[in-house]
Amino acid sequence: MEIWMIAGVLFGIALLLFIFSLIKKEEKEPAYKELENFSLSVTKTVYDLNLRVHKLEKELKIAVEEADEKSAQLTRLLKDNIITLFTKGTPTNVIADQLDISSQAVQEVINDYISDGLPN
37 MEIWMIAGVL FGIALLLFIF SLIKKEEKEP AYKELENFSL SVTKTVYDLN
87 LRVHKLEKEL KIAVEEADEK SAQLTRLLKD NIITLFTKGT PTNVIADQLD
137 ISSQAVQEVI NDYISDGLPN
């Protein structure tokens, strides 16, 4: 008989603890939802800022190229890439698109390469 009483008491305690855990869980849910909403809003803000920065970089790059395209100096690596693609038979407009520079700049590098007669 004592065992059944002990089992009943333990079952009652377990039931009380289970109900208590459900109540505590409900109290935490609003905090988790608020944290999730905050995290989503921060992520969206960062994404929007990245889009703005990318847009401004494009605008500035276009403005700089239009203002002083001939004075822009190509790095040696970029020139090597242009020459390599040209010697493989890639058209200048495709080279310009791949390297994100103007077709005129590509043509100038190719003309310099041909006039110098340097083997690659």
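In terms of this note's numbering, the sequence shown opens at residue 37 and continues consecutively.
Where a beta carbon is used, it is the ideal one built from N, C-alpha and C, also for glycine.
On the CB-based measure, 16 or more other CB atoms within 10 Å of its CB, does residue i come out buried or exposed?
i, result
"residue 131", "buried"
"residue 122", "buried"
"residue 56", "exposed"
"residue 46", "exposed"
List the whole-angstrom C-beta distance separating residue i from residue j, where the pair is believed to meet the contact cut-off of C-beta under 8 Å.
i, j, result
"residue 4", "residue 96", "With the chain running from 37 to 156 in the structure shown, residue 4 is simply not present."
"residue 145", "residue 119", "7 Å"
For residue i, which residues from the same chain have a beta carbon less than 7 Å from its beta carbon, with the 5 sequence-adjacent residues on both sides left out?
i, result
"residue 139", "128, 129 and 132"
Name the two residues that bound the continuous alpha helix (DSSP H) containing residue i.
i, result
"residue 136", "It is not in any alpha helix (DSSP H) - residue 136 carries neither H nor E in the DSSP assignment."
If you drop the 5 nearest sequence neighbours on each side, which residues of the same chain put their C-beta closer than 6 Å to that of residue i?
i, result
"residue 78", "none"
"residue 149", "119"
"residue 59", "none"
Going along the chain, which residues of its own chain have a beta-carbon closer than 8 Å to the beta-carbon of residue i, five neighbours each way excluded?
i, result
"residue 107", "Interpretation of residue 107 is limited by its pLDDT of 44, a score under 50 that renders its predicted location unreliable; the figure taken from the coordinates is listed afterwards. Excluding positions up to five away in sequence, the list is empty."
Could you name each continuous alpha helix (DSSP H) segment of 4 residues or more that falls completely within the segment 70-134, going from the start of the chain to the end? 112-123
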